[in-house]
Amino acid sequence: MVDADQTFVIVGGGLAGAKAAETLRAEGFTGRVILISDERDHPYERPPLSKGYLLGKEERDSVFVHEPAWYAQNDIELHLGQFVDRIDRGAKTVRFGDDGTLVRYDKLLLVTGAEPRRLDIPGTDLAGVHHLRRLAHAERLKGVLSSLGRDNGHIVIAGAGWIGLEVAAAAREYGAEVTVLEPAPTPLHGVLGPELGGVFAELHREHGVRFHFGRQLTEIVGQDGMVLAARTDDGEEHPAHDVLAAIGAAPRVGLAEAAGLEIADRAHGGGIVVDERLRTSDPDIYAAGDVANFPLALFDTRMRVEHWANALNGGPAAARAMLGQDVTYDRVPYFFTDQYDLGMEYSGWAPAGSYDQVVIRGDAGKREFIAFWVREGRVLAGMNVNVWDVTEQIQKLIRAKAQVDTEALADPHVPLDSLTS
């Protein structure tokens, strides 16, 4: 049993940190739990920032993981608007950057998350250039989209990944004009490949979004501090009142790197290297959520996952490992999106070059189908589009690592459960 005199410190105030604190108390830990966040808002979930909250369909309070009173009720020492600038592994302390206060830890959990990648081009200092990662970003962008919708304004989005497409959908629902610039040949090219990226391109085109594929944003043109246009590498200027940079996120590893913890290189996803227990190269320091680079034996690789489910499940797994429990973090990667009338869930991992076939079950034209990425008959990933209650069966197929009959896989009349029995 963990001694009641011990102190567990959590650095990072997102979903992973809040769920880790919750799990520590739920598992009976009676020592100090200190949660430190550099944001002034209580820990919140990020999916609503580009979905329901951005659209005005969810209230601001709905994004928070717990009611504010929950932290005091569970004896969680919450430090909001504070940042840690140093970890002393020898002394086992963290230091607050604003006043130099030292806090000693017995176990430390780093859930520092990720931050938006920045455009390295002229014009990024203009007032109408936006990123979307934090609640404050979403609040600002919500007002911008509403204003653009009222005034027939135009937003240019650099990047056709999940954030770019979700914001594009929200902007169109507000009535704004939308242009998306993407260097790849289709949306979501790195995740879904050319076979399925076109489904999302067609969806957005039907709702009036303009795409320019194979184009790189090279300059944001402005006057008097305001955005006028976005210029691409072919010399064309696209009218814009605002620009959203949605070109991915980088793990916030500076604190861990300065402390001498092992960091993965960008080619392998970046992030803090952890083992299957989410333990870093220091046995008393753990990492979870967007910043953790963990091994996944199911795919015989390491990966860093930036999606909601990884924070939801990784925080509690790290907390149990900190308590000395036998933990193996081996969740199948999962994420979801909602755009217009399309809802989608994706399970698994199938990067370019890893699969030899995409099998479609259902009607892709009607956007009611399941897609499976398959290699030599083994299902690596599955995406259900407007088809529900199949995630468990898809993940069973992935975990089975067995060859399946691809004709049966494509046949909606063959129960998915029968393919793993």
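For the sequence shown, our numbering assigns the number 267 to the initial residue and increments by one for each residue that follows.
Using N, Cα and C, we set each Cβ at its ideal position, and we do this for glycine too.
Original post:
Exposed or buried, residue 281, counting other C-beta atoms within 10 Å across all chains shown (16 or more means buried)?
Top reply: buried
**OP:** With a 10 Å radius around its C-beta and 16 neighbouring C-beta atoms as the bar for buried, classify residue 312 as buried or exposed.
**Re:** buried
Subject >> Inter-stretch contact at 8 Å, needing at least 3 Cβ pairs: the region 651-663 / the region 636-643 >> reply: yes
**OP:** Just the C-alpha distance for residue 509 and residue 341, rounded to the nearest angstrom, thanks.
**Re:** 43 Å
Original post:
Taking the beta strand (DSSP E) that residue 352 falls in, what are its first and last residues?
Top reply: 350-354
Subject >> Residues near residue 664 by beta carbon distance below 8 Å, same chain, minus five either side >> reply: 564, 598, 613, 614, 645, 646, 647 and 648
Original post:
When you compare only the Cα positions, how much space is there between residue 291 and residue 425?
Top reply: 41 Å
**OP:** Give me whichever residues DSSP pairs with residue 476 in a beta bridge.
**Re:** 445
Original post:
Are the beta-carbon atoms of residue 408 and residue 319 separated by less than 9 Å?
Top reply: yes
Original post:
Since residue 440 is in the alpha helix (DSSP H), which residue starts that stretch and which ends it?
Top reply: 428-440
**OP:** Consult DSSP for residue 505 and reduce its assignment to one of helix, strand or coil.
**Re:** strand
Original post:
Tell me, which residues are paired with residue 396 by DSSP?
Top reply: 510
Subject >> Bridge partner(s) assigned by DSSP for residue 603 >> reply: 610
Original post:
DSSP state of residue 325, grouped into three classes?
Top reply: coil
**OP:** Compute the Euclidean distance between the alpha carbons of residue 365 and residue 519, then round it to the nearest angstrom.
**Re:** 22 Å
Subject >> Among 387, 676 and 362, the one whose alpha carbon lies nearest that of residue 624 >> reply: 676
**OP:** Count the other C-beta atoms from every protein chain shown that fall within 10 angstroms of the C-beta of residue 267, then say buried if there are 16 or more, exposed otherwise.
**Re:** Bear in mind that the predicted position of residue 267 carries a pLDDT of just 45, short of 50, making it too unreliable to give a figure here.
Original post:
Would the region 497-506 and the region 470-488 be scored as touching if the rule is three or more Cβ pairs under 8 Å?
Top reply: yes
Subject >> Delimiting residues of the beta strand (DSSP E) encompassing residue 661 >> reply: Looking at the DSSP string, residue 661 is not in any beta strand (DSSP E); the run it does join, the alpha helix (DSSP H), is 657-666.
Original post:
Which residue comes first and which comes last in the beta strand (DSSP E) that contains residue 299?
Top reply: 298-302
Original post:
Between which two residues does the beta strand (DSSP E) harbouring residue 424 extend?
Top reply: 420-424
Original post:
Any idea what DSSP makes of residue 312, helix, strand or coil?
Top reply: coil
Subject >> For residue 595, the first and last residue of its enclosing beta strand (DSSP E) >> reply: Note, residue 595: premise wrong, no beta strand (DSSP E); not H, not E.
Original post:
Going by C-alpha distance, which of 401, 394 and 561 is nearest residue 307?
Top reply: 401
Subject >> Pairwise C-alpha distance: residue 505 and residue 544 >> reply: 46 Å
**OP:** Give every residue of the same chain whose Cβ lies closer than 6 Å to the Cβ of residue 682, excluding the five residues on either side of it in the sequence, and list them in chain order.
**Re:** 659
Original post:
In the DSSP assignment, what residue or residues form a beta bridge with residue 654?
Top reply: BP columns for residue 654 are empty, so no partner.
Original post:
CA-CA distance, residue 617 and residue 406?
Top reply: 34 Å
Original post:
Whole-angstrom Cβ separation of residue 433 and residue 512, contact assumed at under 8 Å?
Top reply: 7 Å
**OP:** Tell me residue 558's beta-bridge partners as DSSP assigns them.
**Re:** 538
Subject >> Per-residue DSSP class, three states only, for residue 489 >> reply: strand
Original post:
Between which two residues does the beta strand (DSSP E) harbouring residue 528 extend?
Top reply: Per DSSP, residue 528 belongs to no beta strand (DSSP E) and is neither H nor E.
**OP:** Could you tell me how far apart the beta carbons of residue 423 and residue 430 are, in whole angstroms, since I believe they sit closer than 8 Å?
**Re:** 5 Å
Subject >> Inter-residue Cα distance where the pair is residue 562 and residue 667 >> reply: 13 Å
Original post:
From what residue to what residue does the beta strand (DSSP E) around residue 339 run?
Top reply: Element bounds for residue 339: not the beta strand (DSSP E) but the alpha helix (DSSP H), 334-339.
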